[in-house]
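First residue of the sequence shown? That's 310 in the numbering used here, and the numbers climb one at a time after it.
Please read the structure below before turning to the comments.
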Amino acid sequence: MSDLTLVIGNKAYSSWSLRPWLALRQAGLAFAETVIPLRQPDTAARIAEQSPSGRVPTLLHDGLVLWDSLAICEYVAELAPAAGLWPSDRVARAVARSVSAEMHSGFVPLRTSMPMNLKQDRKGQGMTAATAADIARIEALWADARARFGSPAGGPFLFGAFTIADAMFAPVVTRLETYGVAVSPGSRAYMDAVLALPAMRDWVAAAKAEPWEFEP
Ligand SMILES: N[C@@H](CCC(=O)N[C@@H](CS)C(=O)NCC(=O)O)C(=O)O
310 MSDLTLVIGN KAYSSWSLRP WLALRQAGLA FAETVIPLRQ PDTAARIAEQ
360 SPSGRVPTLL HDGLVLWDSL AICEYVAELA PAAGLWPSDR VARAVARSVS
410 AEMHSGFVPL RTSMPMNLKQ DRKGQGMTAA TAADIARIEA LWADARARFG
460 SPAGGPFLFG AFTIADAMFA PVVTRLETYG VAVSPGSRAY MDAVLALPAM
510 RDWVAAAKAE PWEFEP
């Protein structure tokens, strides 16, 4: 795969960047990464050089510029069809796309009150009524996907083997961990499977080693 570069924010805080980065790693594609630390005086200018939306992540591939995490994940799925980044079954794939889109466009209270932060332990912080409702919905959709698709397929992820749906929820997994949210045994098992991925371990280790620190 020639000239594939993912431009991302710093790993401790850029939840949007984690999704396509994880999809690329899980797809087994070799890629370069450019990290642009967020909230620096030159952040906007540096992102603008790479991304027409002024946001990261952005994927650069042989002159093609793609932005938006979910669109990049879709492209990665097409670059590596053998990786099965969407379920092969039509019904499972449709539901995987539904939950991915729901994550992409929703859960603003959770994203606002519990921003991703891989540098701090924030147990007990951030809970609001609206965030609790978001988490209840997420746990319900995880349980539904696991019961209908994941468990029957035989893997630990939402639809069995790892898919883009898992990439989309990976930042939520880290948030529930960072903020010490009590979850069901089923959610816990799913979170542990995501956190145990070598790629996730690499991301978290790199995030902790980053020099930039601010309150996201
Ligand atoms: N919907 C976009 C959202 C991307 C986004 O908001 N990225 C943030 C960083 S996580 C960003 O680039 N912010 C620009 C800045 O902080 O200057 C996606 O899915 O890629």
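Yeah, the Cβ is synthetic: ideal placement off N, Cα and C, and Gly gets one too.
Between the options, which has its C-alpha nearest residue i's C-alpha?
i: Ala445; options: Phe468, Ala462, Ser496, Leu327; result: Ser496
i: Thr487; options: Asp501, Lys428, Ala452; result: Lys428
i: Trp376; options: Gly463, Pro361, Ile345, Asp430; result: Pro361
i: Gly556; options: Arg334, Phe478, Ala336, Phe340; result: Lying outside 310 to 525, the shown extent of the chain, residue 556 is not represented and no answer is given.
i: Leu331; options: Gly363, Ala386, Arg364, Asp351; result: Ala386
i: Trp521; options: Leu315, Asp312, Pro480, Asn319; result: Asn319
i: Asp371; options: Phe340, Ala380, Asn426; result: Phe340
i: Ala441; options: Ser409, Thr314, Gly489; result: Gly489
i: Met509; options: Asp430, Ala405, Pro480; result: Pro480
i: Leu327; options: Thr483, Val492, Ala491, Trp395; result: Thr483
i: Ala321; options: Ala516, Pro465, Pro507, Gly337; result: Ala516
i: Ala391; options: Ser378, Gly337, Val404, Asn426; result: Gly337
i: Val513; options: Tyr384, Leu369, Met425, Asp351; result: Met425
i: Pro276; options: Ala505, Thr421, Gln359, Arg431; result: Because the chain in this structure spans residues 310 to 525, residue 276 falls outside the shown range and cannot be described.
Within 10 Å of its beta-carbon, does residue i have 16 or more other beta-carbons around it, so buried, or fewer, so exposed?
i: Pro494; result: exposed
i: Pro366; result: buried
i: Gly335; result: Correcting the residue type first, residue 335 is Gln in the shown sequence and not Gly. Buried is the call here.
i: Phe468; result: buried
i: Ser458; result: As written in the sequence, residue 458 is Phe, which differs from the Ser given in the question. Buried is the call here.
i: Thr472; result: buried
i: Asp443; result: buried
Under the criterion of a Cβ to heavy atom distance below 6 Å, does residue i qualify as lining ligand 2?
i: Arg420; result: Looking at this structure, you won't find ligand 2 anywhere; what it does contain is ligand 1.
- request: Go through the residues and name those whose CB comes closer than 5 Å to any heavy atom of ligand 1, in chain order.
  value: Working through the chain, the matches are Gly318, Ser323, Trp325, Leu347, Thr352, Arg364, Val365, Asp377, Ser378.
query: Taking only runs of the alpha helix (DSSP H) that begin and end inside the segment 379-449, which ones reach a length of at least 4 residues, in chain order?
result: 399-414, 417-422
task: Would you be able to state if there are at least three C-beta pairs under 8 Å between the segment 428-441 and the segment 495-511?
output: no
query: Any contact of the segment 341-349 with the segment 448-462, i.e. 3+ C-beta pairs under 8 Å?
result: no
message: Going residue by residue through the segment 318-384, where are the continuous alpha helix (DSSP H) segments of at least 4 residues, counting only ones entirely within it?
response: Runs of the alpha helix (DSSP H) inside the segment 318-384: 324-336, 352-359.
query: Whole alpha helix (DSSP H) runs in the segment 445-493 with 4 or more residues, listed along the chain?
result: 473-487
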